[in-house]
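*Asks:* Structure provided below as C-alpha cells; questions to follow.
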Amino acid sequence: MKEDKNIKFKGDKEGYCNICGNYSQLTRDHIPPQGCVKPTSVELRTLTQYISKSSKKPTDSQSGLNILSICGNCNNTLLGTEYDPELIEVSKKVAGIVRVQHELGLSLPEKINLSVKPQRLIRSVVGHILAGKLPITGQPPISAPFPDALRNYFLDQSSNIPDELDIYYWVYPSNKQIVISSLGIGSTLGEGFISGSCLLKFFPLAFWVVWNQPTSFPISFTKIPKDEVQDLDGTCEIIIDLRQIPHLDYPEVPGEGRYIMLHNDSTFLAQPKKPKGFG
2 MKEDKNIKFK
12 GDKEGYCNIC
22 GNYSQLTRDH
32 IPPQGCVKPT
42 SVELRTLTQY
52 ISKSSKKPTD
62 SQSGLNILSI
72 CGNCNNTLLG
82 TEYDPELIEV
92 SKKVAGIVRV
102 QHELGLSLPE
112 KINLSVKPQR
122 LIRSVVGHIL
132 AGKLPITGQP
142 PISAPFPDAL
152 RNYFLDQSSN
162 IPDELDIYYW
172 VYPSNKQIVI
182 SSLGIGSTLG
192 EGFISGSCLL
202 KFFPLAFWVV
212 WNQPTSFPIS
222 FTKIPKDEVQ
232 DLDGTCEIII
242 DLRQIPHLDY
252 PEVPGEGRYI
262 MLHNDSTFLA
272 QPKKPKGFG
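Quick note on my numbering: the sequence shown kicks off at 2 and runs consecutively.
And the structure:
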C-alpha cells in the first residue's frame with residue numbers, strides 16, 4: 002500500500018465519465034444507491050487510513066458516500082432506472098431478514114433462497130464500483146482488460162458476464178460502507194495471487210468481483226449465477242447464508258498468510274459519526 006496521505010473526495014464538475022468514457026457534466030453517484038441505505042452524516046477515509054488507524058482527520062460528508070464521477074446517462078438512466086431497482090429490492094429483503102435475526106433474536110433457517118434478476122443485480126453492483134473513484138483530471142478512464150470488461154458488460158445489455166469474472170456475495174451486518182475499485186490479494190501460503198478484484202460492501206450485503214481467480218486460491222462464499230440467465234429480466238435463485246459470515250473487514254484487511262496491493266485513491270470507506278445498530 003502507498004503511504005498515508007490526504008485524499009480528495011471531491012472532483013471536477015466536468016470530465017470523462019468513469020463508465021462510458023464520454024466527456025460531459027459529471028453527476029454524483031450515491032454508493033450504495035439511496036434506496037438501499039439512507040444517506041446520513043459520515044466520516045470518509047481511505048482504506049490505508051482505516052487499516053493504519055491514521056491520526057489524520059477524516060473528511061466529513063453530510064449525505065453519505067457520494068462521488069462526482071459519472072455522466073447523467075450512466076447515473077440516472079442506466080443505474081437509476083435500469084439496474085438499481087433490483088439491487089434495492091434484494092437489499093431490502095435481506096436487510097429485513099438480518100434485522101429480525103439480530104434485533105429480535107429469532108431462530109431462522111441457516112440458508113434462505115431468494116429470487117433475483119442476476120443481470121440487473123450484477124450491473125448495478127459493477128456500475129457503483131466503477132463510479133467509486135475520482136476521475137483523473139483531463140484523462141479518460143484507464144484502459145485495461147479488467148476495468149474494460151466491467152465497462153463493456155455494464156453498457157451492453159445484451160452481453161453476459163465475462164467468463165473471467167466471478168461475483169461472490171455474503172451477508173454484511175455492518176454500517177460501514179466500502180467501495181474499492183481495484184484490489185490485488187496475494188498469499189504467502191502458495192495459493193497464488195488475484196491480480197484484479199473490486200469490492201462493494203454496505204448493510205446488509207457484500208459483493209466481491211474477482212478477475213481470473215487462480216484455482217489454487219480458495220474463496221469459500223457463494224457466487225451469483227452468471228451462466229444460468231442471460232436475459233436482462235431473467236430470474237434465478239440465490240442462497241442467502243445467515244450463518245457463514247466472515248470478519249467484517251474481509252477481504253480488504255488481510256488475515257494470516259495474505260497480503261493486499263492497492264492504490265489508495267481507489268478506496269473509499271464511509272462510517273457514520275454516531276454508529277447505530279450494527280457494526
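Think of the CB as a built atom: it goes at the ideal place given N, C-alpha and C, for glycine as much as any other residue.
(1) Is the region 41-61 close to the region 111-128, with three or more CB pairs under 8 Å?
(2) Report yes if the CB atom of Tyr169 is closer than 8 Å to the CB atom of Lys224, and no otherwise.
(3) Is it true that the CB of Ile195 sits closer than 8 Å to the CB of Ile186?
(4) Quick check on Cys18: does DSSP put it in helix, strand or coil?
(5) Gly185 by DSSP, collapsed to three states: which one?
(6) Could you name the residues that DSSP lists as bridge partners for Ala207?
(7) Quick check on Ile240: does DSSP put it in helix, strand or coil?
(8) Which word fits Tyr24, buried or exposed, when buried means at least 16 other C-beta atoms lie within 10 angstroms of its C-beta?
(9) Among Asp149, Phe204, Ser182 and Val172, which has the Cα closest to the Cα of Lys134?
(10) Just to confirm my understanding: we take Leu206, look at its own chain, exclude 5 residues before and 5 after, and list those with CB closer than 7 Å. What are they?
(11) Taking the alpha-carbon of Ile162 as reference, which of Asn213, Ile52, Gly139 and Leu201 has the nearest alpha-carbon?
(12) Contact check, Leu263 vs Leu184 under 8 Å by CB: the rounded distance?
(13) For Gly97, which option in Asn77, Val38 and Arg46 has the closest C-alpha, if you only look at C-alpha atoms?
(14) How should Ala271 be labelled, buried or exposed, when 16 other C-beta atoms within 10 angstroms of its C-beta is the threshold for buried?
(15) For Gly22, which residues of its own chain have a beta-carbon under 6 Å away from its beta-carbon, when the five flanking residues on both sides are left out?
(16) How big is the Cα-Cα spacing for Pro226 and Glu257?
(17) Can you list, in chain order, the residues of its chain whose CB lies under 6 Å from that of Thr268, leaving out five sequence neighbours each side?
(18) Would you kindly check if the distance between the Cβ of Tyr84 and the Cβ of Arg124 is under 8 Å?
(19) For Ala132, which option in Ile240, Asn176, His31 and Pro119 has the closest C-alpha, if you only look at C-alpha atoms?
(20) Over what stretch of residues does the beta strand (DSSP E) that includes Tyr24 continue unbroken?
(21) By the three-class DSSP mapping on this structure, what secondary structure does Ser53 have?
(22) Taking just the CA atoms, how far does Glu87 sit from Phe204?
(23) Please report how far the alpha carbon of Phe222 lies from the alpha carbon of Arg121, in whole angstroms.
(24) When the Cα of Asn176 is compared with those of Glu238, Phe147 and Val43, which residue comes out closest?
*Replies:* In terms of the structure at hand:
(1) no
(2) yes
(3) yes
(4) coil
(5) DSSP, reduced to helix, strand and coil, places Gly185 within a strand of the structure shown.
(6) Trp171 and Lys202
(7) strand
(8) exposed
(9) Ser182
(10) Ser92, Val95, Tyr170, Val172 and Tyr173
(11) Asn213
(12) 5 Å
(13) The shortest Cα separation from Gly97 among Asn77, Val38 and Arg46 belongs to Val38.
(14) buried
(15) So the qualifying residues of the chain are Pro141 and Pro142.
(16) Distance between the alpha carbons of Pro226 and Glu257 is about 30 Å.
(17) Thr47, Leu48 and Ile181
(18) yes
(19) His31
(20) Tyr24 to His31
(21) coil
(22) Distance between the alpha carbons of Phe204 and Glu87 is about 16 Å.
(23) 21 Å
(24) Taking the Cα of Asn176 as reference, the smallest distance to any Cα among Glu238, Phe147 and Val43 is reached at Val43.
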